[in-house]
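In the working numbering, the protein residues as written are 27 to 115. Read through the structure below, which is laid out as structure tokens, and then see the notes.
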């Protein structure tokens, strides 16, 4: 069974200028800190088709909108570590 996790960071122009460039850096630091790089595949996409709701990040089949630098750590903790009560979509 493949238990790898896939994170797709929208790097379209709208999401990029709204903060996904910095969000990508935060994701990479989070994976390094929690030794998750071997289990998580991070890639970029040109558009997640939700430009007005960006920045957008997809973790497996869940799409998160308006992902700020403040919200991202909670989302990652909940989705990757199973910590409840943090983050949002």
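Idealized CB from N, CA, C, for every residue including glycine. Quick caveat: nothing in here was measured; it's all calculated off a predicted structure.
Would you tell me roughly how many angstroms separate the C-alpha atoms of residue 86 and residue 63, rounded to the nearest one? 15 angstroms
When you compare the CB positions of residue 39 and residue 80, do they come within less than 7 angstroms of one another, or not? 7 angstroms or more divides the Cβ of residue 39 from the Cβ of residue 80.
Across which residues does DSSP place residue 95 in a beta bridge pair? Its beta-bridge partners do not exist; DSSP assigns none.
Sort 69, 59, 61 and 50 by Cα distance to residue 95 and report the nearest one. Out of 69, 59, 61 and 50, 50 has the C-alpha closest to the C-alpha of residue 95.
Could you check the C-alpha separation between residue 31 and residue 37 for me, to the nearest Å? Cα-Cα distance, rounded: 19 angstroms.
Roughly how many whole angstroms lie between the Cα atoms of residue 102 and residue 78? 22 angstroms
Put residue 77 into one of helix, strand or coil per three-state DSSP. helix
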